[in-house]
Amino acid sequence: MLDTLLAATELLLRLDVLLMICGGLVLGMLVGALPGFTTVMAMAIVLPISFFLEPIVGIPFLIGVYKGGIFGGSIPAILVNIPGTGASVATTFDGPALTRKGQSRKALEMALVASAVGDFLSSFATILVIGAIAAIALLIGPPEVAAILLLSLLVIAVTASGSPIKGLVMLLVGAFLAMIGQDPIGALARFDFGFHQLQAGIDLLPLIIGLFAIPEILLALESRKASFVEARQTRAEGDPLTWREITASRRTILRSTLIGGTIGMIPGVGQVVAAFMGYSAARNAAKDPSRYGKGELDGVAAPEAANNAVNGPTMVPLLTLGIPGDNITAILLGAFVAQGLRPGPQLFEEQGVLVYAILGSMLIACVLMLLIGWVLMPLFARIVSIDKAYLVPLMLLFAVGGTYVYRSNPMDLWFMIGFGVVGYVARKLAFDVSPLVMGFILTPPLEYAVGQTVLLARGDVAGYLVGERPITIAVLLLAPLLTAWILVRQHRRMRALGRESASKVDANAPQEGTETDGNARVDLNRSTGGQG
Amino acid sequence: MRLLETTFVALAAMVGLAATPATAQTFPERPITMIIPLGAGGSHDLNARVITSVLPGILGQPVVVQLMPGAGGQTGTAAAAQAPADGHTLIFTHNFIDQLQQFVTDLPYEPNEDFVSVARPNTAQPILVVRGDSPFATFEDLVAHGRENPGDLRFGHSGNWGAFMVPGLALMQAVEVQPTLIPYQGGGPVIQALLAGDIDFTFAFPSVLSGQDLRPLLAVGETSPVEGVPTTDELGYGDVSEIGIMHRVVLAPAGVPEDRLAVLRDAFSKLDEDPTYQTLMERLGENTDLMGGAEYDEVRGRQAERYRALVDSF
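As they're listed, the protein sequences go chains A and B.
Numbering-wise (numbering that gives the first Met the number 0), the first sequence opens with residue 0 and increments by one.
Numbering-wise (numbering that gives the first Met the number 0), the second sequence opens with residue 0 and increments by one.
Set out below in structure tokens:
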């Protein structure tokens with residue numbers, strides 16, 4: 000075992016390997032930062048390059064693109080409130096608020112650190128216990144996916160901020176929008192109101208660009224200030240992240256890594272669910288949850304660490320069974336087989352050194368991402384300092400261009416504009432749109448998993464779950480307990496906070512990973528609208 | 000340095016920067032767009048990446064892949080149908096999208112009037128698989144169990160009216176077995192479900208088969224890609240073979256000038272003889288059973304009739 004690892008390290012520590020990983024990371028970050036260009040697209044385009052490289056160079060290159068791309072999505076989410084993917088929606092809760100306070104650099108660097116640490120730890124754990132994860136992955140079928148999605152929705156709902164009724168309304172609207180098109184099991188058209196264009200359903204990308212970017216652009220136009228950033232510092236991007244701030248967030252990052260790593264075993268929806276769960280958990284654990292949504296550094300660290308921690312376990316079915324769980328791993332599978340390597344148990348035996356070297360490249364990619372990001376983030380952060388007269392048209396260009404370039408469907412532009420109006424009105428009426436996005440993203444997999452479960456049960460759902468799916472039953476039993484625990488905790492903390500403010504004791508700074516510097520309390524209600 | 004050079008050349012070819020001398024009157028005079036009506040990372044995407052990394056050398060122009068997924072392939076196909084019929088827009092699709100969909104939904108195009116075949120670069124033969132420790136040792140065992148217990152066998156497939164549901168349905172109708180059909184989101188998840196024991200059987204393409212704890216029982220088609228596994232032809236279900244195989248096909252909007260169509264068809268013949276193409280396809284575990292466009296247009300006509308019958312009977 001040790002021999003294998005040493006040989007693998009030797010294979011990996013070559014200049015061309017490291018350079019290609021760096022190239023992949025930079026490419027991935029740039030593509031990921033452009034709305035509309037997905038990580039999967041970037042990987043598919045550069046895949047043929049790997050055909051003509053050695054496996055130990057080509058596959059780490061693709062892994063670089065993968066990791067860079069997933070992280071890159073958080074850059075526009077933090078700077079201009081445009082989440083490029085579902086996974087970075089939770090990052091918009093606190094990221095843009097920090098940007099407006101003139102702390103875009105801190106926010107980006109926190110996202111970078113959280114992403115790299117979360118990814119590194121989950122990849123490392125994956126390498127250590129790859130066999131156990133592979134065994135668990137086989138226990139997760141449609142009934143378990145359904146139960147875990149239900150549990151996630153419940154947890155996110157009870158920990159959400161703002162009015163629960165408004166949140167529920169938005170959640171249901173999102174769920175309904177997701178149902179337009181075809182029903183996933185029978186493939187029958189539904190809710191298309193006779194429009195052929197609706198038969199294909201609504202895609203996530205025009206929906207999130209519309210809901211987040213368009214209102215941001217309209218609000219920026221309404222405001223009379225010349226700069227996007229409201230703070231009065233000389234440098235719009237603000238100060239760099241300090242070591243103290245990183246250590247203050249360590250609990251949040253570790254908690255999110257654990258959540259993300261666990262959720263990573265669920266195929267498909269992992270990253271989105273992980274990001275929201277990570278955020279909810281951090282908010283729930285915070286001494287003062289009211290700071291979240293107003294520009295809290297932990298609010299950026301939590302979703303970013305969680306969605307990147309998903310990456311490690313998603314590689315497991317690919318490497319141990321040769322089965323790609325999603326499109327990204329399907330492309331990696333293509334890269335493997337084009338090299339004459341067939342991932343699976345045999346590959347571990349025959350090419351153990353190479354497999355461990357590739358696993359090791361995941362770790363190296365995280366370290367390199369941290370280094371490259373540390374150089375690039377201040378440059379990205381400066382984008383928001385350009386004059387609003389240029390920045391707003393640029394945002395519009397990216398919003399419209401990104402929506403179209405995604406799959407060249409003109410209909411998507413109409414959806415984007417429509418959701419832009421919805422998002423704008425929602426902001427003005429103080430409705431938070433994130434439950435809508437959650438409902439939209441989680442309804443299809445939930446419906447699919449429930450439909451599959453009913454079919455798998457062949458008529459006797461209760462008997463099937465009790466008799467054959469103990470994990471599902473366990474998760475379903477856990478849901479009310481966890482909800483009760485969260486509610487009790489919230490109640491206690493409210494009382495404690497009440498007492499604290501009554502006795503006016505404020506000198507004692509919070510010990511947990513929730514502290515930020517003094518100007519975190521700048522009033523942002525006007526610009527963050529519904530999230531206040 | 001060679002490494003960087005290769006990378007750069009490959010990258011340049013991909014993004015369409017490859018400068019190639021082309022006189023004004025020749026076809027193609029600008030980059031060719033190849034629409035794929037499916038998402039990134041699927042087997043079509045992988046095949047297309049190989050084809051488009053070799054084809055530019057033959058045509059003298061870059062070939063750009065444009066992924067247009069949505070509505071089970073309709074979005075991309077509709078866009079291709081509306082594209083100018085000048086030979087610069089092609090679609091890389093398969094027979095289930097091309098010929099079967101017209102019977103299960105209303106399409107905004109007419110497949111057999113709006114498109115003409117350029118080539119069928121290759122096929123993929125679905126292989127019926129069970130778990131390595133399954134009680135079914137042969138296809139006959141599976142059929143015997145299925146006949147005695149209607150609805151008991153769980154047949155997982157990769158999506159409605161897709162590459163595994165169609166051969167499975169046709170085959171089960173031929174042997175008069177009624178399984179419970181369970182859709183999964185693609186070929187990967189369905190194999191994982193089989194290995195987990197959630198379903199009793201499914202199909203897999205040969206490229207997925209090796210190294211897994213799976214037992215192949217039957218291959219759809221004429222000759223078997225896996226040694227010792229019988230085929231539908233051998234067992235007397237020849238009808239299933241023709242409609243159950245996945246034909247990967249390149250189509251052009253109808254009305255492409257004859258001389259341009261000839262250039263394109265010729266390019267695919269040359270592609271099939273290219274050693275790089277052959278090597279890459281072999282590594283991917285894909286065959287290179289090219290069929291010319293004219294010949295495949297006749298196959299399309301036959302497929303349409305058969306799919307109509309299959310859908311009507313379901």
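We treat Cβ as the ideally placed atom computed from N, Cα and C, and that holds for glycine.
Note that this is a predicted model, so its numbers are computed, not measured.
#### Entry: Euclidean distance between Cα positions of A/Phe123 and A/Leu253
13 Å
### Query
Does any residue of chain B bring its CB to less than 9 Å from the CB of A/Tyr447?
yes
### Task
Quickly, what does DSSP pair A/Gln181 with across the bridge? List them, please.
A/Ala188
### Query
Helix or strand or just coil, what does DSSP make of A/Ala495?
helix
### Query
Would you say the segment 236-255 of chain A touches the segment 59-66 of chain A, given that touching needs at least three Cβ pairs under 8 Å?
no
### Task
Just the chain B side, please: which residues come within less than 7 Å of A/Ile322 by C-beta, in chain order?
Gly187, Ile190, Gln191
### Message
If distances are taken between C-alpha atoms only, which option among A/Phe36, A/Asp182, A/Glu143 comes closest to B/Gly158?
### Response
A/Asp182
#### Entry: Three CB pairs or more closer than 8 Å across the segment 80-93 of chain B and the segment 228-242 of chain B
no
### Helix, strand or coil at A/Arg13 according to DSSP, with G and I counted as helix
coil
### Message
Just to confirm my understanding: we take B/Asp44, look at its own chain, exclude 5 residues before and 5 after, and list those with CB closer than 8 Å. What are they?
### Response
Ile35, Leu37, Gly38, Val64, Leu66
### Query
Taking DSSP as the reference, what is the three-state secondary structure of A/Val352?
helix
### Coarse secondary structure for B/Val129, derived from DSSP in three states
strand
#### Entry: Straight-line gap, B/Gly59 to A/Glu295 (C-alpha atoms, nearest Å)
55 Å
### Message
In the DSSP output, which residue or residues are listed as bridge partners for B/Ile31?
### Response
B/Val62
### Query
What are the partner residues of B/Pro182, as DSSP defines its beta bridges?
B/His156
### Query
What's the C-alpha gap between A/Leu486 and A/Pro344?
45 Å
#### Entry: Same chain, Cβ closer than 7 Å to B/Pro110, neighbours up to 5 away in sequence not counted
Asp97, Gln98, Gln101
### Task
Tell me where the alpha helix (DSSP H) around A/Leu331 begins and ends.
326-337
### Task
Please go through the segment 438-503 of chain A and give each complete alpha helix (DSSP H) segment of 4 or more residues, from N-terminal end onward.
460-467, 469-501
### Task
Measure the Cβ-Cβ separation of A/Arg104 and A/Asp238 and say whether it is below 9 Å.
yes
### Task
Count the C-beta pairs between the segment 22-39 of chain A and the segment 74-86 of chain A that are closer than 8 Å, then say yes if the count reaches three, no if not.
yes
#### Entry: Counted within 10 angstroms of its Cβ, other Cβ atoms place B/His156 as buried (16 or more) or exposed
buried
### Query
If the cut is a Cβ gap below 9 Å, which residues of chain B does A/Asn310 touch?
Within 9 Å Cβ-Cβ: nothing; A/Asn310 doesn't reach chain B, min ~16 Å.
### Task
Mind listing the chain B neighbours of A/Leu454? Cutoff is C-beta to C-beta under 9 Å, in chain order.
Arg153, Thr179, Leu180, Ile181, Pro182
### Query
Would you call A/His490 buried or exposed, if buried means 16 or more other Cβ atoms sit within 10 Å of its Cβ?
exposed
### Environment of A/Ile55 [buried if 16+ CB atoms lie within 10 Å]
buried
#### Entry: Cross-chain neighbours of B/Leu66 in chain A, by beta carbon under 8 Å
Met40, Ala43, Arg406
### Task
Would you give the residue range spanned by the beta strand (DSSP E) that B/Glu253 belongs to?
Contrary to the premise, residue 253 of chain B reads as Ala rather than Glu in this sequence. Counting along the chain, B/Ala253 falls outside any beta strand (DSSP E), and DSSP gives it neither H nor E.
### Query
From what residue to what residue does the alpha helix (DSSP H) around A/Asn80 run?
Premise fails: A/Asn80 is in no alpha helix (DSSP H) and is neither H nor E.
### Task
List the residues of chain A whose Cβ lies closer than 9 Å to the Cβ of B/Gly131, in chain order.
Within 9 Å Cβ-Cβ: nothing; B/Gly131 doesn't reach chain A, min ~12 Å.
### Task
Let me know the secondary structure DSSP gives A/Arg223 once reduced to three states.
coil
#### Entry: Pair within 9 Å by beta-carbon distance, A/Met28 and A/Ile58
no
### Query
Can you find a C-beta in chain A that's less than 9 Å from the C-beta of B/Asp44?
yes
### Query
Using DSSP with H/G/I as helix, E/B as strand and the rest coil, what is B/Ser116?
strand
### Query
With burial defined as no fewer than 16 other Cβ atoms inside 10 Å of the residue's Cβ, what is the status of A/Thr527: buried or exposed?
Any answer about A/Thr527 is weak, because its pLDDT of 37 lies below 50 and its placement is not dependable; what the coordinates show is given next. Buried, by the Cβ-count rule.
### Task
Can you say whether A/Lys66 is buried or exposed, counting buried as having 16 or more other CB atoms within 10 angstroms of its CB?
buried
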